[in-house]
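**Q** So the sequence shown is numbered by the UniProt record's numbering: it starts at 1 and just counts up by one. Heads up, the beta-carbon is just placed ideally off N, CA and C, and yes, glycines get one too. Following this message is one structure expressed as structure tokens.
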Amino acid sequence: MTTPSFLTTSTGRKIAYHRTEGTEPGIVFLGGFKSDMDGTKAAWLEEWAKSQGRAFLRFDYSGHGQSSEKFVDGAIGDWAADAQEVIETLTSGPQVLVGSSMGGWISLLMTQRIPQRVCGLVGIAAAPDFTEDGFWAGFTEEQRAALKADGQIALPSDYDEPYIITKRLIEDGRDQLVLRTPLPLPFPVRFLQGTADTSVSVATAVKLLEHAEGADMRLTLVDGADHSFSAPDCLELIANSILEVTARA
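In structure tokens, the structure reads:
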């Protein structure tokens with residue numbers, strides 16, 4: 001594992017990143033909820049981008065990976081602010097955003113906040129509005145009451161530790177929703193979704209496709225692919241989608 005560089009944001013957070021120089025438009029990888037930039041997709045795409053001579057950037061949101069702050073203190077708005085500052089500071093010109101799971105939501109926020117810096121989008125099991133439509137909608141009345149009373153609850157996860165879901169995460173998420181208002185995406189967009197994904201449903205992918213507005217959007221379903229979307233054929237599909245988006249941008 002190579003040592004990352006760090007960007008100190010305007011809020012004082014220290015964001016770890018790896019940047020590869022190359023031709024533009026560059027590629028920015030945005031990871032998922034409680035994941036980090038050393039995951040399979042990010043590392044594989046970095047090597048692929050190098051083979052293409054393409055500029056590439058991967059980073060850890062605050063509270064994730066090697067960046068500063070605690071995960072439980074963060075929220076979608078914080079991580080979107082991190083992403084925006086990273087893109088504006090560490091890249092030049094329009095970029096192709098590759099967003100995985102929560103990174104898909106944050107990528108969509110970037111398309112609305114800094115549209116001049118986005119020329120294409122590849123969403124991998126994109127999870128827009130999941131704090132509201134996933135967590136909050138799925139909570140029992142007892143869980144909602146506990147969240148309000150205690151400020152957080154623990155949910156089981158597929159990983160070593162449970163997810164700690166905070167009241168702030170839910171409340172801040174309501175200020176970041178993208179499926180309740182128009183979502184123009186005036187550039188090539190490719191959404192990729194596995195049918196065996198137990199975290200983000202095919203119905204969510206279809207809802208996003210139907211809600212967004214754009215002249216060049218496609219959704220590809222991969223039979224049997226899970227949420228990680230990291231099998232060799234899935235990685236090749238991501239790369240091919242980036243090439244297609246870049247060629248059509």
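So if DSSP puts GLY99 in a beta bridge, which residue, or which two residues, is it bridged to?
**A** Start at 1 with the first residue of the sequence shown, and residue 99 comes out as number 99. Paired residue(s): LEU30 and GLY123.
**Q** Return the CA-CA distance between PHE6 and ILE114, expressed in angstroms with no decimal places.
**A** Position 6 of the sequence shown holds residue 6. Position 114 of the sequence shown holds residue 114. One C-alpha to the other measures close to 22 Å.
**Q** Which stretch, first to last residue, makes up the alpha helix (DSSP H) that contains LEU169?
**A** Numbered from 1 along the sequence shown, position 169 holds the residue referred to as residue 169. Per DSSP, LEU169 belongs to the alpha helix (DSSP H) from 167 to 173.
**Q** Rounded to whole angstroms, how far is the Cβ of GLN176 from the Cβ of ILE76, which I believe are closer than 8 Å?
**A** As a working note, residue 176 is residue 176 in the sequence shown. As a working note, residue 76 is residue 76 in the sequence shown. With a Cβ gap of about 5 Å, GLN176 and ILE76 count as contacting.
**Q** Which of the three DSSP states is assigned to ILE114 in this structure?
**A** What you label residue 114 is simply residue 114 of the sequence shown in a count that begins at 1. ILE114: coil per DSSP, three-state reduction.
**Q** Give me, in chain order, the residues of the same chain whose beta-carbon lies closer than 6 Å to that of THR40; leave out the 5 immediate sequence neighbours on both sides.
**A** Taking the sequence shown and counting its residues from 1, one reaches residue 40 at position 40. Cβ neighbours of THR40 beyond the five flanking positions: SER230.
**Q** Quick check: what's the CA-CA separation for residue 250 versus LYS207?
**A** With the chain covering 1 to 249 only, the question about residue 250 has no answer from this structure.
**Q** So does the region 97 to 113 actually touch the region 143 to 151, counting three or more Cβ pairs closer than 8 Å?
**A** Segments in contact, no.
**Q** Can you look up LYS70 in the DSSP assignment and give me helix, strand or coil?
**A** For the purposes of this step, residue 70 is identified with residue 70 of the sequence shown, where counting begins at 1. If DSSP states are grouped into helix, strand and coil, LYS70 belongs with coil.
**Q** Look up PRO232 in the DSSP assignment and say whether it is helix, strand or coil.
**A** The residue given as residue 232 occupies position 232 in the sequence shown. Reduced to three states, the DSSP call for PRO232 is helix.
**Q** Could you name each continuous alpha helix (DSSP H) segment of 4 residues or more that falls completely within the region 127 to 165, going from the start of the chain to the end?
**A** 141 to 150, all fully within the region 127 to 165.
**Q** Short check: CB of THR9 to CB of PRO128, under 9 Å?
**A** Here the question's residue 9 lines up with position 9 in the sequence shown. Here the question's residue 128 lines up with position 128 in the sequence shown. It is not a contact, given that the beta carbons lie outside the stated cut-off.
**Q** I need the straight-line Cα distance from GLN95 to THR198, nearest angstrom please.
**A** By one-based count along the sequence shown, residue 95 stands at place 95. By one-based count along the sequence shown, residue 198 stands at place 198. Roughly 30 Å between the two C-alpha positions.
**Q** Please report how far the alpha carbon of LEU45 lies from the alpha carbon of GLY12, in whole angstroms.
**A** Mapped onto the sequence shown, residue 45 falls at position 45. Mapped onto the sequence shown, residue 12 falls at position 12. Cα-Cα distance, rounded: 29 Å.
**Q** Among residues of its own chain, excluding the 5 on either side of GLY134, which ones have a beta-carbon nearer than 8 Å to its beta-carbon?
**A** Taking the sequence shown and counting its residues from 1, the one referred to as residue 134 is at position 134. Same-chain partners within the cutoff: ALA127.
**Q** Report yes if the CB atom of GLY31 is closer than 9 Å to the CB atom of ASP60, and no otherwise.
**A** One-based indexing of the sequence shown puts residue 31 at position 31. One-based indexing of the sequence shown puts residue 60 at position 60. Their beta carbons are under 9 Å apart, which means GLY31 touches ASP60 by this criterion.
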